[in-house]
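Residue numbering for the sequence shown follows UniProt numbering, starting at 1 and increasing by one per position.
Each residue gets a CB set at the ideal place from its N, CA and C atoms; glycine is no exception.
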Amino acid sequence: MSPGFSGRDRVDDRRLPPGQYLTEDFPVLSAGPTPRIPPAEWEFRITTESGQVRRWSWPELLALPSERPTVDLHCVTKWSKLGTGWQGVSLDVLLAEVDTAADFALADAYGGYTTNLPLADLLDGQAWIAYRYEGEELAPEHGGPARLLVPHLYLWKSAKWIHGLTLGFADEPGFWETAGYHNYGDPWREQRYQGD
Ligand SMILES: Nc1nc2c(c(=O)[nH]1)N[C@H]1C(S)=C(S)[C@@H](COP(=O)(O)O)O[C@H]1N2
Ligand SMILES: [Mo]
Numbered sequence: 001m002s003p004g005f006s007g008r009d010r011v012d013d014r015r016l017p018p019g020q021y022l023t024e025d026f027p028v029l030s031a032g033p034t035p036r037i038p039p040a041e042w043e044f045r046i047t048t049e050s051g052q053v054r055r056w057s058w059p060e061l062l063a064l065p066s067e068r069p070t071v072d073l074h075c076v077t078k079w080s081k082l083g084t085g086w087q088g089v090s091l092d093v094l095l096a097e098v099d100t101a102a103d104f105a106l107a108d109a110y111g112g113y114t115t116n117l118p119l120a121d122l123l124d125g126q127a128w129i130a131y132r133y134e135g136e137e138l139a140p141e142h143g144g145p146a147r148l149l150v151p152h153l154y155l156w157k158s159a160k161w162i163h164g165l166t167l168g169f170a171d172e173p174g175f176w177e178t179a180g181y182h183n184y185g186d187p188w189r190e191q192r193y194q195g196d
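The following block contains the structure:
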C-alpha cells in the first residue's frame, strides 16, 4: 500500500494546509518563560473603544456555558496537529456582554505577549477562552490556566496565558506581527510573513 492510499490519509491530506506536515505530539512554543498565574489572581478583561472594562474572575469564567470544540492546529513553524479536543467559553458569550462597534482586537497575555486579530475572527463560533485540553486542566506550558484558541489562524494568534482583549478601530500589530510575521495569518493562504 502506498502512503496516502487509505481513505483516512486522504481525509488528513485535505485537512493539511499548504507547506504543513502532520505531527502527533504537541510541541511547546513560547517566546519567554512560562508564567504561573494562581486561579485566585487570574482575571480576563475586555476593554472597549470607550475605555470601559468588563472583567471575569476564574470562578466567573467557569460558571459560563462552555463548549467542547475539536479542532486542527496549524503552527507557522509548519507542524499541524489534527483533531485536538478542548473545553472553553466561546468568545461569542464574552463579547455579548460588552458594548462595542470595534473592528479589531489586540489580545494580551500574562507575561506580555500580544497578538492582533479582526474582531470578526473572534465571533461566530471561531474562538474560545480554552481551559481544558483532552479532558485535563490546560497545562501551564500550553497556556494554562486559560488560553485564547483561534484555530482557523496560525497558532501564534492563540495567545497562551490570556489576560485580556483591547478593542478598537485601529489594527495594532502584536509581538510576532511587529517582528515580520503576517498580520492576519491564514494557514490555507499560507500567510506566514508580511507580503505572503
Ligand atoms: N503568551 C504566549 N502565547 C503564545 C506564544 C507565546 O510565546 N506566548 N507562542 C505562540 C506560538 S508561536 C505558538 S505556535 C503557540 C504554541 O502553542 P503550544 O506551545 O501550546 O503548542 O502559542 C502561541 N501563543
Ligand atoms: Mo508558532
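Reduced DSSP category for residue i - H, G, I as helix; E, B as strand; rest coil
i: PHE104; result: strand
i: LEU95; result: helix
i: ALA63; result: helix
i: LEU123; result: coil
i: GLU43; result: strand
i: LEU117; result: strand
i: GLU136; result: strand
i: TRP161; result: coil
i: THR166; result: strand
i: LEU155; result: helix
i: ARG54; result: strand
i: ARG189; result: helix
i: PHE5; result: Summary for PHE5: the model assigns pLDDT 46, below 50, so the residue's position carries little reliability; its value from the coordinates is reported in the next sentence. Correct three-state label for PHE5: coil.
i: ARG14; result: helix
Proximity to residue i [Cα-Cα], best of the options
i: SER90; options: TYR113, GLY125, ALA107, PHE104; result: GLY125
i: LYS81; options: THR48, LEU61, LEU155; result: LEU155
i: GLU67; options: GLN87, TRP79, LYS78, LEU122; result: GLN87
i: TYR131; options: THR100, ALA159, ASP171, ASP186; result: ALA159
i: GLU24; options: LEU106, ASP92, GLY83, ALA107; result: GLY83
i: GLN194; options: ASP186, GLY180, HIS142; result: GLY180
i: GLN52; options: PRO69, LEU148, LEU95, LEU64; result: LEU95
i: SER50; options: PHE169, LYS78, ASP92; result: PHE169
Neighbourhood of residue i by C-beta, 7 Å cutoff - its chain only, sequence neighbours within 5 removed
i: ARG54; result: ARG45, ILE46, GLU97, VAL98
i: THR42; result: Looking at the sequence shown, residue 42 is not Thr but Trp. Only TRP58, PRO145 meet the Cβ criterion.
i: ARG189; result: none
Beta bridge counterpart(s) of residue i as assigned by DSSP
i: TYR184; result: DSSP lists no partner for TYR184.
i: SER80; result: LEU22, HIS74
i: ARG147; result: ALA130
Cβ shell of residue i (< 6 Å), same chain only, five flanking positions each side left out
i: PRO39; result: TRP58, PRO145
i: ASN183; result: GLU177
i: VAL150; result: ALA127, LYS157, SER158
i: GLY85; result: THR70, GLU134
Chain-order list of residues whose beta-carbon lies under 8 Å from that of residue i (same chain, five-residue window excluded)
i: ASP171; result: ASP103, PHE104, ASN116, PRO118, ASN183
i: HIS163; result: GLU43, PHE44, ARG45, ASP108, ALA109, TYR110
Closer than 7 Å: residues whose CB approaches a heavy atom of ligand 2: LEU29, CYS75, VAL76, THR77, TYR154, LEU155, TRP156
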